[in-house]
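**Student:** Residue numbers (the numbering used here): 951 to 1247. Following this message is one structure expressed as structure tokens.
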Ligand code: GDP
């Protein structure tokens, strides 16, 4: 499970703090140094870690933690609060239009990040909310991706719109929206092509879709196991096409958790959901406070 090692290290730091009756400013500094090391080892972005420790330190001094009755407890509370802040404080939902209008969601991400799987997972969540989603296969480079979307769509009981590989993604997207309007579907989720690396062609294609179609939500899927690479990918996508939120996949296999702790702070984009497994039901809403509690144990 994600954060195992970070969790263990932070718990050790806190155990030491709690065992001391009174704390000096030096004790707090030493503890925060260990927190800093633990976060860096969890592959959290360096600048994010620096700011994090500075903020906790300043708040500890500001609140006169050293003279409080339970100084150790106070430091833990501050670390908890700042972890929650780091991850965006509040849960962000995918913004949907009223049910009588069509919401268009564009899913993007690098190949292998889990985009196609996540697209089907999201369709399932929307169905649970009483929406009628339509999945649109806009990856014209990999016929296998279209097939995979069809298989997953069927599992979810959601229609998949495809025009094969000989039309431009932007035209497939337009046709999918018309299809949805004609079939009383109210969310169109575009599964766009992923490439191995961020490249001009990929961004150009996504930009073309955004320029020609009213996209309500642009969602980036990134693989948490790639750590700071995932953060850099998110930063680049946000700069190029402006994303509304991130879905972090494979958190079930990510022992470090650095991407989850850095993405919001580095890009300003919220994490919407986290992928917790390969099954189509393995998608969880992202709650910064629960995640912080999970980390602190
Ligand atoms: P795409 O190329 O981005 O469309 O990626 P796919 O949807 O094909 O997913 C790539 C692989 O990652 C597949 O084997 C998925 O089953 C797997 N995968 C996707 N999301 C998760 C997740 O949250 N946890 C785990 N363990 N595997 C995932």
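A virtual CB, placed ideally from N, CA and C, is assigned to each residue, including glycine. Small disclaimer: the values here were computed from a predicted structure and weren't measured.
(1) Looking at the ligand GDP, does it come within less than 6 angstroms of residue 1168, judged from the CB to the closest heavy atom?
(2) Going by alpha carbons, who is nearest to residue 1109 out of 987, 1074, 1026?
(3) May I have the straight-line CA-CA distance separating residue 1020 from residue 1230, to the nearest angstrom?
(4) Could you check the C-alpha separation between residue 1076 and residue 1218 for me, to the nearest Å?
(5) Tell me residue 1054's beta-bridge partners as DSSP assigns them.
(6) Would you check if the region 997-1005 and the region 1021-1037 touch, i.e. whether three or more CB-CB distances between them fall below 8 angstroms?
(7) My output table needs one value for residue 1067: the three-state DSSP class, helix, strand or coil.
(8) Decide if residue 1048 is buried, meaning its Cβ has at least 16 other Cβ atoms within 10 Å, or exposed.
(9) Drop a sphere of 10 angstroms on the beta-carbon of residue 1133, count the other beta-carbons inside from all chains shown, and report buried for 16 or more, exposed for fewer.
(10) Would you call the CB atoms of residue 1233 and residue 1071 closer than 7 angstroms?
(11) Since residue 1068 contacts residue 1093 with CB under 8 angstroms, what's their CB separation in whole angstroms?
(12) Using DSSP's beta-bridge definition, name the partner residues of residue 1261.
(13) Is there a Cβ of chain D sitting closer than 7 angstroms to that of residue 972, yes or no?
(14) Entirely within the region 1141-1178 and at least 4 residues each: give me those alpha helix (DSSP H) ranges in chain order.
**Tutor:** Well, looking at it:
(1) Because no heavy atom of the ligand GDP lies under 6 angstroms away, the Cβ of residue 1168 does not count as near it: no.
(2) When only C-alpha atoms are compared, the closest one is 1074.
(3) Their backbone Cα atoms lie some 45 angstroms apart in a straight line.
(4) Taking C-alpha positions only, residue 1076 is separated from residue 1218 by approximately 25 angstroms.
(5) Partner(s): 1138.
(6) A contact exists between the region 1021-1037 and the region 997-1005.
(7) DSSP places residue 1067 in the helix class (H, G or I) of the three-state scheme.
(8) Residue 1048 comes out exposed.
(9) Answer is exposed; the Cβ neighbour count stays below 16.
(10) Taking 7 angstroms as the cut-off, the Cβ atoms of residue 1233 and residue 1071 count as close.
(11) No, residue 1068 and residue 1093 are not in contact; Cβ-Cβ is about 20 angstroms, not under 8 angstroms.
(12) Because the chain in this structure spans residues 951 to 1247, residue 1261 falls outside the shown range and cannot be described.
(13) Although the question refers to chain D, the structure presented lacks it and comprises just one protein chain.
(14) Here the runs fully enclosed are 1150-1162.
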